[in-house]
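**Student:** Okay, here's the structure, questions in a sec.
Protein chains: 4
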Amino acid sequence: MNAEELATRVRAGELRLHELERHADADVATEARRQLLTEETGANLDAVGEYTFAAADAEPNIENMIGAAQLPMGVVGPIELDGGAAEGETYLPLATTEGALVASVNRGCAAMRAADGANARVLTNAMTRAPVFRVRDVAEAAEVSAWVRENVDALAGAAEATTNHGELRDVKPYVVGDNVFVRFGYDTKDAMGMNMATIATEAACDVIEAETPAELVALSGNLCSDKKPAAINSVEGRGRTVAADVLIPHDVVEGYFKTTAEAIAEANTRKNLVGSAKAGALGFNAHAANTIAAAFLATGQDAAQVVEGSNAITTADARDDGLYASLTIASLEVGTVGGGTKLPTQAAGLDLVGVRGGGDPAGANADALAEVICTAALAGELSLLGALASNHLASAHAELGR
Amino acid sequence: MNAEELATRVRAGELRLHELERHADADVATEARRQLLTEETGANLDAVGEYTFAAADAEPNIENMIGAAQLPMGVVGPIELDGGAAEGETYLPLATTEGALVASVNRGCAAMRAADGANARVLTNAMTRAPVFRVRDVAEAAEVSAWVRENVDALAGAAEATTNHGELRDVKPYVVGDNVFVRFGYDTKDAMGMNMATIATEAACDVIEAETPAELVALSGNLCSDKKPAAINSVEGRGRTVAADVLIPHDVVEGYFKTTAEAIAEANTRKNLVGSAKAGALGFNAHAANTIAAAFLATGQDAAQVVEGSNAITTADARDDGLYASLTIASLEVGTVGGGTKLPTQAAGLDLVGVRGGGDPAGANADALAEVICTAALAGELSLLGALASNHLASAHAELGR
Amino acid sequence: MNAEELATRVRAGELRLHELERHADADVATEARRQLLTEETGANLDAVGEYTFAAADAEPNIENMIGAAQLPMGVVGPIELDGGAAEGETYLPLATTEGALVASVNRGCAAMRAADGANARVLTNAMTRAPVFRVRDVAEAAEVSAWVRENVDALAGAAEATTNHGELRDVKPYVVGDNVFVRFGYDTKDAMGMNMATIATEAACDVIEAETPAELVALSGNLCSDKKPAAINSVEGRGRTVAADVLIPHDVVEGYFKTTAEAIAEANTRKNLVGSAKAGALGFNAHAANTIAAAFLATGQDAAQVVEGSNAITTADARDDGLYASLTIASLEVGTVGGGTKLPTQAAGLDLVGVRGGGDPAGANADALAEVICTAALAGELSLLGALASNHLASAHAELGR
Amino acid sequence: MNAEELATRVRAGELRLHELERHADADVATEARRQLLTEETGANLDAVGEYTFAAADAEPNIENMIGAAQLPMGVVGPIELDGGAAEGETYLPLATTEGALVASVNRGCAAMRAADGANARVLTNAMTRAPVFRVRDVAEAAEVSAWVRENVDALAGAAEATTNHGELRDVKPYVVGDNVFVRFGYDTKDAMGMNMATIATEAACDVIEAETPAELVALSGNLCSDKKPAAINSVEGRGRTVAADVLIPHDVVEGYFKTTAEAIAEANTRKNLVGSAKAGALGFNAHAANTIAAAFLATGQDAAQVVEGSNAITTADARDDGLYASLTIASLEVGTVGGGTKLPTQAAGLDLVGVRGGGDPAGANADALAEVICTAALAGELSLLGALASNHLASAHAELGR
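In structure tokens, the structure reads:
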């Protein structure tokens, strides 16, 4: 059927909007939906229909497809970086609608280059999934917890049988009354790994249910914790815990940021440390989420995981030899295979960074991507702190001039 | 100059990558950047170059543009909703790469329709900005705080002089040692309002600096708190605080979710309430950020503000007449004018919802969008809770069958 | 009856342990309980029986009394303080079993005196109580919230009719699904005020239930939040928000703490700011709870409210003219009338500070006590930071000597 | 010298207040201080002077001693308990000034007895200390972290050489920029163990400084986290993580609490779960800190550690066979040896519970004390929830009667 015929049958009540792919190819189904929605709402959806991939190729990523959203993509770099996995000079694409973000990050990258580059390291790596089980009472909870602690090998066996790449790294039980949560942490290599972790955990849950009296209530019990702001992630990490830092000589600080290391350090302490403390925050940074979100969209990451990405701490310290600044992101969840990484524009984004597909060794590409994003986000921190501090200096100077 | 000429001059060191728009139109500059980056990195950026808007039109949103990222867009609905601003049946576009998300939210919407629709209300509305000032000591901090509390009208006068639409609603000082933070809250009508709030606050800061001994350190002191997970937002709200709920009869629960109201309520308590409590969370929901992120991308919102959107609490209660479920998002920051809302695919997305541009009365469109997103996110919560609960029931049934 | 006769009747099952005061005076009842418990458990309770007050006088504070717990009490001071309510030199008693605590705080007080004294100010003052109501749905929640915001005067009238001293300062509704929480804040003058706030709120709840469809579920809905660690208190305050600070010349720092301002500031940043940030804390201090707990026990405060007292932020900054340090306690709940303040040893403790009973104006004594405790706690912060920093310096020196 | 002579010499400036013990026995020094303070402040300190222990015996616990604070002590029980370490019927002394607390907890204990008793289990046990080290940059931070993970045995050797009883259980590094925090967790048996953990950690730090480039900044870096509200403790535990629960038949609920299991469960969900969620809490309970504080004071625990004790979650569930309720305290720090446990009234308090001194096996007494306190705190939760729910029911009934 063509789009018009599909639309006719939907209007006649013979088909439902989500069933069109059964009767036509994906692009036609998508077109028919636009027609129907335009009729119903008056919205002109032509722009949405101008997508660059075959709708069928997007099928793992979307249902009820009507087209594509387009976001402008810019680029920052080169990012000069001495990393554990990334090395040398790299570009990073950023897709955003926030004016000045790309320019701001880019300014920070330029200052870093003038400072002979940044360091970055992935510190820990574990994608987590934490089911919740019901037990009879706290006595049984203690028994099940003990069983879990003593049978990590059996759980690893079951979990790892479901995956070619994933390795179970940690298993930790937590008890609240008659609830037993078990947090599984996996090395999922170059995949972000949420699906891998879920499937592997499901197999491990079968073992727990078979061997203990615990009954599974939900495969995710929110101690994972996926796409929610949660201290367990800011403390223990999820995905990659990654840090970047740089020492910028005083003349470079002044040249690029029109302010001093002391003023930037003061702004950082009062805003990012004391202000965030007073705000009851899990994120002690200026706007790391901006860079992370833009990089996620440009490289095929999960946009909702920007939530965990924002669990980040910025430090800044004025020293004899310059401004020391660091950004540590506790839970940056990235992959270079799977998910949205196969879409044409996002695959191009990964190619631009030089990290598309599986790394060598496995995990090295995702490690490198994490380091590059963290370093770019640090550049964004420096640039915004510099702007805040120099505005202040500017007005201070204006006052003195009066 | 054409793209090739621009590229030549960059290679020759005569131009820098971010200066190309000064010498050519935006599309040509964008093309030149792709050429240069392809040469340097080997990345094929053709897909990135197939964007549907004029590069010049994206200029307020991006710098160093190389093209566009494309994300598949699906649609959910109709969402049947009795809201304070939204009314009747609405569609919502979702741009995502997470397979099954659209289908899952859509299933929840169908159950809501079978239940005669959801309710939604915007409860509070205030975009905030909170500068930090330096004072001499705690005695001066007390004086400045008192001055601020007593001079709200003067601050409002200065702040509102900068804007045609914004109204200053709240001003509240917070002291930590020799830091005074002042949190300003604005009704920014149909705009998300971060820029409006920043500009207005800058003017108010001038008054504070002129009338008190306080010295501005940073225009944002992180009590705002923008794009960071922070309790001040989950408690006090930022942007819209919006809630949606629905009562779903038992037969509808069973028909759509293949489980019972009791099982869904139990999963919600153990996962979203107790699990999140144990996780040290600010978000007590299953995956609200998924729906919020996808709706944000499809309607031109700021992707990094998904962070605050995830400050959401889901409740579920099994009652005699069915399953009562609610989702309350403390800090949903949305607009129907400004920012990314003018991009063609996002404008189409807003048209699909019927809320593009300024509302009547002002603010009504953004209110309606908040209600629709919250209701869709509730649909997503119900659907995922149903899936978690029914998997458990399924395995329970399988066991019984043995 | 005498104690032996009471004991006999309990053994015979004719009386229960908590009923003895109906048949004998309070001291005799207390003695009988000791006898019975000694028989049953073998515990020698003689020491517990050597209390200094009449058991009858303790009746508002205890049931099933068996005697008294005794804690050693020391004293720190003089505390030299320029406060909003406290002025000049003051002593503060501390009851504790933590060796070195009194000496440590006292060292800090000595350094403060050598620095010409500290400043302190009460910044806000509101004892809160927040009932939770059930409503039909979010539409009703919005209506009830609006009603509350528009009827603060009626609520104040009802609330203040229950009290001679208390004044209702703030009323704020919060909605989560079909829950409406209303946070009432009172100026309770020299009383800690939890009971006053509860009784007044109960009267206000009657008005809400009469005038709106909301039904009260619990008079405390945990947005109060009493005796639980909660961001709402660390952000918005409860009881007194109080801050103290001091500028200590470099030679005084070195003389008293055997380290430098720079080393103390570094320790504070790395430990109290960055460390607490990473820990997911609501308290960014070294050990403020130690001083607060000891002062609470010595002056008749509620020991469980040490929980809120620990919501405190310490800052330290090395400046040209010395070490600037501050402590801001968000929620210090103290009183100089009511509760445990009438017990003989605690009344003596308040006399030692010079703040027993009602102040002039009302509230001044509790304000002064808050300022004194905050300043002493700051002294404790300085002393511990100094010890941590000097240990490090000591070992650094030792290394250099090798 | 006698007290008068000491006082004379202080007045003459020949002695300072804290030096008196060098010139007289402790009781005389204490008396002299009271004389001097009475002269200076007018406070009558006679009651403070009537303490039951020899001042010299309190010397490890106090400096600048002036006497003792006395708090009324009551008793609750018998607590009927099936624990991992505690068994059978136990009494628990509570020292408090909060009227009705003892009666309330006691009512809960009675309901538990009528329900055939509660369960309790210690789930984990680790006293923590977390120093913070300075490193050059994030590359060095990664190296030091890796070294720590690979050299746990060497660290354990150094740490355990300092103690007869303690065992190092866990060592975990955390990085933020150029800070490396290392969280050490010890089994300290029957001691609360803070001192033991500190001394042992100091020895381990020497090893880290000798073997790596890390430099110790502070022996406590606030990831411990002692006496501060911090998610790391509510998530991972500190001291004992202990849980208690009970299933109370419906008739017992109604008999003791004058309400229904359903009403208690509803109050718990709306107040302790949803209300605490909205409050940004780390404690999801009604008033666990009340019972914990009172038990701590009566048994010689550290009053400031009530802060961590309040990291507790209460659940309540109405079932076919009654009300299931649980309390899980994440970080209850108790000991039966050392600290304040040797003071006469507190030693008597421990004897009353039957847990004074070292347990058999080591740790069993502190485990039992933790279980008893947790169960009593659960009794307090039930009683307060019952009171809140029955007030509501009472007014509901009154309405129906109209």
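Protein chains in written order, with the numbering used here: chain C, 5 to 406; chain H, 5 to 406; chain L, 5 to 406; chain S, 5 to 406.
All C-beta atoms, glycine included, are put in the ideal place defined by N, C-alpha and C.
Which residues in the same chain have their Cβ closer than 8 Å to the Cβ of Glu266 (chain C), if we skip the five residues on either side of it in sequence?
**Tutor:** Once the five neighbours on either side are set aside, the close Cβ partners of Glu266 (chain C) are Ala322.
**Student:** Please specify which runs of the alpha helix (DSSP H), each continuous and at least 4 residues long, are wholly inside the segment 86 to 134 of chain S, giving them in chain order.
**Tutor:** Runs of the alpha helix (DSSP H) inside the segment 86 to 134 of chain S: 105 to 118.
**Student:** When the Cα of Val139 (chain S) is compared with those of S:Gly17, S:Asn129, S:Glu219, S:Glu63, which residue comes out closest?
**Tutor:** Answer by Cα proximity: S:Glu219.
**Student:** Kindly say whether Gly284 (chain H), judged by its beta-carbon, lies nearer than 9 Å to any beta-carbon of chain S.
**Tutor:** Closer than 9 Å to some Cβ of chain S, the Cβ of Gly284 (chain H) qualifies, so yes.
**Student:** If you measure from the beta carbon of Arg406 (chain C) to each beta carbon in chain L, is any gap under 9 Å?
**Tutor:** Note that Arg406 (chain C) scores a pLDDT of 36, beneath 50, so its modelled location is shaky and nothing firm can be said.
**Student:** Using a Cβ-Cβ cut-off of less than 7 Å, give me the residues of the segment 223 to 253 of chain L that come near chain H, in sequence order.
**Tutor:** Answer set for the segment 223 to 253 of chain L: Ala235, Ile236, Val239, Ala247, Ala248, Asp249.
**Student:** When DSSP builds the beta bridges, which residues end up paired with Thr349 (chain C)?
**Tutor:** DSSP output for Thr349 (chain C) lists no bridge partner at all.
**Student:** Check the Cβ of Arg37 (chain S) against every Cβ in chain L and list those closer than 7 Å, keeping chain order.
**Tutor:** Chain L residues near Arg37 (chain S): Val79.
**Student:** Applying the 10 Å Cβ sphere with the 16-neighbour rule, what's the burial state of Ala214 (chain C)?
**Tutor:** Exposed, because fewer than 16 other Cβ atoms sit within 10 Å of the Cβ of Ala214 (chain C).
**Student:** Looking at C-alpha atoms only, which residue of C:Thr132, C:Val250, C:Thr319, C:Ala366 is the closest neighbour of Leu336 (chain C)?
**Tutor:** Considering only alpha carbons, the answer is C:Thr132.
**Student:** My parser needs the alpha helix (DSSP H) runs of 4 or more residues fully inside the segment 23 to 96 of chain C; what are they?
**Tutor:** Entirely contained in the segment 23 to 96 of chain C, the alpha helix (DSSP H) runs reaching 4 residues are, in chain order, 30 to 45.
**Student:** Could you tell me how far apart the beta carbons of Asn294 (chain C) and Gly384 (chain C) are, in whole angstroms, since I believe they sit closer than 8 Å?
**Tutor:** About 6 Å separates the two Cβ atoms, so the contact holds.
**Student:** For Leu404 (chain S), count neighbouring C-beta atoms within 10 Å of its own C-beta (all shown protein chains included) and say buried if the count is 16 or more, exposed if not.
**Tutor:** Residue confidence is low: Leu404 (chain S) scores 45 on pLDDT, short of 50, so the model does not pin down where it sits. Its coordinate-derived value is still stated next. Under this definition Leu404 (chain S) is an exposed residue.
**Student:** Which same chain residues, not among the five before or five after Leu33 (chain S), have their C-beta less than 6 Å away from its C-beta?
**Tutor:** According to the sequence provided, residue 33 (chain S) is Ala. The question's Leu does not apply to it. The residues are Leu24, Glu25.
**Student:** Chain S partners of Tyr55 (chain C), CB-CB under 9 Å?
**Tutor:** Within chain S, no residue comes near Tyr55 (chain C); the closest Cβ sits about 40 Å away, beyond 9 Å.
**Student:** What would DSSP say about Arg323 (chain S), mapped onto helix, strand or coil?
**Tutor:** Three-state result, Arg323 (chain S): strand.
**Student:** Hey, Lys193 (chain H) and Ala372 (chain H): beta-carbon distance below 9 Å or not?
**Tutor:** Not closer than 9 Å, so no.
**Student:** Can you confirm whether the segment 105 to 113 of chain C touches the segment 61 to 77 of chain H when touching is taken to mean that 3 or more C-beta pairs between the two stretches lie within less than 8 Å?
**Tutor:** Yes, the segment 61 to 77 of chain H touches the segment 105 to 113 of chain C.
**Student:** Give the straight-line distance between the Cα atoms of Ala269 (chain L) and Phe288 (chain L), rounded to the nearest whole angstrom.
**Tutor:** C-alpha separation (whole angstroms): 14 Å.
**Student:** Please return the same chain residues whose Cβ sits closer than 7 Å to the Cβ of Glu35 (chain H), not counting the five positions on each side in sequence.
**Tutor:** So the qualifying residues of the chain are Ala7, Gly53.
**Student:** Taking DSSP as the reference, what is the three-state secondary structure of Ala165 (chain H)?
**Tutor:** In the structure shown, Ala165 (chain H) sits in coil (DSSP, three-state: anything other than H, G, I, E or B).
**Student:** Please classify Asn168 (chain C) as buried or exposed, where buried requires at least 16 other C-beta atoms within 10 Å of its C-beta.
**Tutor:** Per the 10 Å Cβ criterion, exposed.
**Student:** Do we get a CB-CB distance below 9 Å when we pair Ala265 (chain H) with the residues of chain S?
**Tutor:** No, Ala265 (chain H) does not count as interfacial toward chain S.
**Student:** Given a cut-off of 9 Å on the beta-carbon distance, is the pair Leu356 (chain H) and Thr45 (chain C) in contact?
**Tutor:** For Leu356 (chain H) and Thr45 (chain C), yes; Cβs fall inside 9 Å.
**Student:** Quick one: residues in its chain with C-beta nearer than 6 Å to the C-beta of Leu19 (chain L), no 5 flanking neighbours on either side, listed in chain order?
**Tutor:** Same-chain partners within the cutoff: Arg13.
**Student:** How about Leu10 (chain S): is its C-beta nearer than 9 Å to some C-beta of chain L?
**Tutor:** Closer than 9 Å: no.
**Student:** Answer with yes or no whether the minimum CB distance from Ile327 (chain H) to chain S is below 9 Å.
**Tutor:** Note on residue identity: the sequence assigns Leu, not Ile, to residue 327 (chain H). False, the Cβ-Cβ gap to chain S never drops below 9 Å.
**Student:** If you check the beta carbons only, do Ser280 (chain S) and Ala299 (chain L) fall under 9 Å apart?
**Tutor:** No, they are not a contact pair.
**Student:** Who are the neighbours of Val278 (chain C) on chain L, taking C-beta pairs under 9 Å?
**Tutor:** In chain order: Leu277, Phe288, Ile317, Thr319.
**Student:** Report the neighbours of Gly353 (chain S) on chain L: residues whose CB is nearer than 8 Å to its CB, in chain order.
**Tutor:** What Gly353 (chain S) touches in chain L: Val52, Ala73.
**Student:** Under a three-way DSSP split, which group does Gly313 (chain S) fall into?
**Tutor:** Here Gly313 (chain S) sits in helix by DSSP.
**Student:** Do Val126 (chain H) and Thr245 (chain H) come within 9 Å of each other at the CB atom, strictly closer than that value?
**Tutor:** Going by C-beta atoms, Thr245 (chain H) is nearer than 9 Å to Val126 (chain H).
**Student:** Where in the segment 175 to 261 of chain H do unbroken runs of the beta strand (DSSP E), each at least 3 residues long, occur, reported from the N-terminal end onward?
**Tutor:** Within the segment 175 to 261 of chain H, the complete beta strand (DSSP E) runs of at least 3 residues are 183 to 191, 219 to 222, 243 to 252.
**Student:** May I ask which residues mark the beginning and end of the beta strand (DSSP E) holding Val14 (chain S)?
**Tutor:** No beta strand (DSSP E) contains Val14 (chain S), which is instead part of the alpha helix (DSSP H) from 7 to 15.
**Student:** Does Asp210 (chain L) pass the burial test, meaning 16 or more other C-beta atoms within 10 Å, or should it be called exposed?
**Tutor:** Burial call: exposed.
**Student:** Whose C-beta lies closer than 7 Å to the C-beta of Ala89 (chain C) among residues of the same chain, with five residues either side of it excluded?
**Tutor:** Excluding residues within five positions, the ones whose Cβ falls inside 7 Å are Val126, Ala368, Asp371, Ala372, Glu375.
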